[in-house]
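What follows is a single structure, written as structure tokens, with notes after it.
Chains as they are written, first to last, in our numbering: chain A, 2 to 991; chain B, 20 to 77.
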């Protein structure tokens, strides 16, 4: 039974169209997201690993080496089961920095465009055998199905036709999104579909082998018992070094092969999906490997004359079964097409980012968006790569088996493993070491494997070396693999140790490192707003692209368009670089960012970026175990404590960046932490900017009370304290911690108490006032009575004058009382003006003498009549009323109170001395406490001296007591007040 | 370091017991699918390991 070429080619086109339809439906959302985004879809898409080697090559491997064919699968299984070792760290890097290929990762890690170029070229060369393998598998299958056996030229033509068809579909599949930051849902779904189809097709072949060739699985077992030679081959031990080399290259292939790397990292950003793959992919590969042995044995039983790799097709043809033949062909076709599509897509990305763009082969039109240019470049590269694979296939001239091609390709890509392992685990590695290692390893690979594969060349010298080292005989592959990898690793380590890494390489090494000690540092940007980013990126990317990239990065970071905080701008810069890395590759992206948005010179990472450290720790919190988890919990506890403190806390770095702003600070200032954290103090809204800046710059570490007018008519009172963190005990630079306490309520309460105390004083004075007013009123009444009968004009005039004098006296008494009662009303702020001290003391004495019930002590005002102090007149009056009132209460009926004042030119010292009972030493420390009094209940509120202290503090003055000041029964007390001396200057209008 | 300690333990055990496992797998009277059983066990262990992990942000 055979099929015509037209039928087969039509079938291939129908199959690939079906595949493309699946991708199209997934992209359009017709296939629901719960399917396309399901971890199972991702796991199945990783089945792209199983190319034509899995559908055909392993059959030959099983035939020759028995169970050792399992090593092909087990290498990948171990890599995914141990995903935490390498895959998860790489996924983190690829996701954060938008790295889509192995060349991207190594270029990012070693900060060298040259590394990217070398790896891309090397990768293209090492993958030629793999591409040729896929082409050969499909071409041979077509050839077998078509029943052709001899026409070699026609065979190559079939392969060319297949290559053209697959090129069209690869372009259609792979270049929908220009940047690696978008998940290519259609591609992932199509690859998952192919994997399912591949598995189903192989299962059909398995069932055909077991039930149609052998009759049943039991009869298969019987056949095995009857053919001990087969069992012997099955259980033959492979040389240890060969087995190790096989396991090693397939282990490395699981991460170094570009198509697997692409599906694992570029098309997936979810760690949960990767975790599902840690068991899902091994399970899939187990199922995929189940048919291998029965199909091999079925091929042996049938004794067909086709190469062993095509036993599936041979079974179909022998059984004359279209279903089995088509299933075997579909298995090979789906495996090969998936590998070619994804491999060329990944390689085209690498070529574009690491060869075309850095070498400026592609002239970007900066006036337009660059996305279309990139897309068309990638399409061309896909075509070129598939054609290169085809040419290699033609050069091979069908001389090599599929297994040989696969082993050479896998051994070549394994050379990138040391660099990949060093990325998260060896910060000391450098680009010179990497390039030296790769050169050594790839040279061995080239001369020992690739050249002998293509031309009639036998490396005698190397062969003799391998024989000496391993005694390899004919099996040179394993020895060459081990020697190349050993030389690669050795050179990598030795050169890295002997040479120095660049500064940027060290920074990248820290970023990539799994070491917990890695810490982000803070550098200062030359730009000050997001707008400037677009402006400065314009010349490199084109104005429209620059604006769209900046807007995209702002949106992703959820920053406002007018963002200007230095911390936010640093993150914006990093995000734009990551996004450009997905678009243009890390080398070009890094070069553009370094050129357009540079850091200020001389700020190379000597200060920790506290915000970034905290953010990283918050994101990584679930990874911490043991001591690290305890430390993180402790950090969070302290952070919570600081955030919930009822006192405002802010921390400012030496360069003015706000590092901390707790909730109380937000309540006091009305400024949310997200608006100021990471911002410069200069960008903070007024009046807080001025207050905090002035306090930070000032010499004093404490301001007990200052008024903040946040808006007209609304003011708050705050107290400020500051401290500097000791540079020697922290890794950060000299930071200032400022505590802000809102004392508005306390201040309002104090005002209220002051008013109450005044009302109490007025109450006490009321009786005296009534009496004092009563006397002139009586006098006026008498004069008015006499006036009724007086006829002499002169007498009338005298009487009227007397009446006026009496009314003036009443007016003065009332004025004094009104004046006192208005003093320091709650709404009034302190107004410091020059006050005549003697007049103020007189007024206080006058007010006190109104109280007739009080003791008749003698007040003597000795103050200089010209002496002026800087004070609030009404509050100063309250001070003297309280002090003199206390002095009077401390004296007996013959007490004397003297008020004296002296000045040194700057300060005026006022002394109020009495000869009263004095203050007991144990009480002296409590005299200023509110509500503390030694008077009988109802006679004193205990607020008098507390208010004196408060008012004197408000007026930048001080007060203290000395007692006793004399010996004997009347020890007396001296109250000493200090106030600033002043004079009537031009600034005061009198 | 974020390396799973349980995983390191399992790798150590597998290395120690590999000769015994190998001879069991390749016994002369063994069923042809016997090597798949340890493989299945690895899958179950991997499933169990990822199931007990908390979701994270890498």
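Built from N, CA and C at the ideal position, the CB exists for glycine as well.
Treat the numbers as computed from the prediction; the structure is a model and nothing was measured.
Nonlocal neighbours in the same chain, by C-beta distance under 7 Å from residue i, ignoring five residues either side
i: residue 67 of chain A; result: 234, 235, 236, 237
i: residue 557 of chain A; result: 576
i: residue 154 of chain A; result: A caution first: residue 154 of chain A carries a pLDDT of 48, below 50, which makes its placement in the model unreliable, though a value can still be read off. Cβ within range, chain order: n/a, list empty.
i: residue 797 of chain A; result: 788, 791
i: residue 866 of chain A; result: 839
i: residue 209 of chain A; result: 316, 320, 322, 325
Residue burial classification, residue i (beta-carbon count within 10 angstroms, cutoff 16)
i: residue 298 of chain A; result: buried
i: residue 106 of chain A; result: buried
i: residue 861 of chain A; result: exposed
i: residue 954 of chain A; result: exposed
i: residue 795 of chain A; result: exposed
i: residue 430 of chain A; result: buried
i: residue 216 of chain A; result: exposed
i: residue 403 of chain A; result: buried
i: residue 499 of chain A; result: exposed
i: residue 1079 of chain A; result: Lying before the first or after the last residue shown, residue 1079 of chain A is absent from chain A, which here runs from 2 to 991.
Any chain A beta carbon closer than 9 Å to residue i
i: residue 54 of chain B; result: yes
i: residue 34 of chain B; result: no
i: residue 39 of chain B; result: no
Beta carbon proximity, residue i to chain B, threshold 9 Å
i: residue 280 of chain A; result: yes
i: residue 283 of chain A; result: yes
i: residue 264 of chain A; result: no
i: residue 418 of chain A; result: no
i: residue 637 of chain A; result: no
i: residue 236 of chain A; result: yes
i: residue 358 of chain A; result: no
i: residue 75 of chain A; result: yes
Chain B residues whose Cβ lies nearer than 8 Å to that of residue i
i: residue 68 of chain A; result: 44, 45, 54
i: residue 287 of chain A; result: 55, 58, 59, 62
i: residue 223 of chain A; result: Those within 8 Å of residue 223 of chain A in chain B number zero; the least Cβ separation is about 12 Å.
Element boundaries [beta strand (DSSP E), containing residue i]
i: residue 725 of chain A; result: 715-725
i: residue 688 of chain A; result: Unbroken run through residue 688 of chain A: none, as it is neither H nor E.
i: residue 374 of chain A; result: Run containing residue 374 of chain A: none in the beta strand (DSSP E); it sits in the alpha helix (DSSP H), 372-397.
i: residue 637 of chain A; result: Note, residue 637 of chain A: premise wrong, no beta strand (DSSP E); alpha helix (DSSP H) at 627-645.
Any C-beta of chain D under 9 Å from that of residue i
i: residue 290 of chain A; result: Going by chain labels, chain D is absent from the structure shown, which instead holds the protein chains A and B.
Host alpha helix (DSSP H) of residue i (start-end)
i: residue 95 of chain A; result: 88-98
i: residue 333 of chain A; result: 323-352
i: residue 199 of chain A; result: 186-208
i: residue 68 of chain B; result: 55-70
i: residue 227 of chain A; result: 218-227
i: residue 476 of chain A; result: From DSSP, residue 476 of chain A is part of no alpha helix (DSSP H); its letter is neither H nor E.
i: residue 676 of chain A; result: 674-677
i: residue 419 of chain A; result: 418-426
i: residue 291 of chain A; result: Element bounds for residue 291 of chain A: n/a, residue is neither H nor E.
i: residue 892 of chain A; result: Note, residue 892 of chain A: premise wrong, no alpha helix (DSSP H); not H, not E.
Contact list for residue i against chain A, beta-carbon separation under 7 Å
i: residue 26 of chain B; result: 83, 85
Cutoff 6 Å; reference residue i; Cβ partners in own chain excluding five residues on either side
i: residue 331 of chain A; result: 202
i: residue 485 of chain A; result: 442, 445, 446
i: residue 538 of chain A; result: 547, 597
i: residue 263 of chain A; result: 343, 347
i: residue 683 of chain A; result: none
i: residue 897 of chain A; result: 859, 916
i: residue 1 of chain A; result: Chain A is shown from 2 up to 991; residue 1 of chain A falls before or after that span and cannot be answered.
Neighbour list for residue i in chain B, Cβ cutoff strictly below 7 Å
i: residue 71 of chain A; result: 54
Distance cut-off 8 Å: residue i Cβ against heavy atoms of the ligand ADP
i: residue 426 of chain A; result: For the ligand ADP, the structure offers nothing, since it holds no ligand at all.
Proximal chain B residues relative to residue i, where beta-carbon distance stays under 9 Å
i: residue 78 of chain A; result: 58, 61, 62, 65
i: residue 294 of chain A; result: 51, 52
Close Cβ partners of residue i (< 8 Å) along its chain, the five nearest in sequence each way excluded
i: residue 959 of chain A; result: 953, 978, 979
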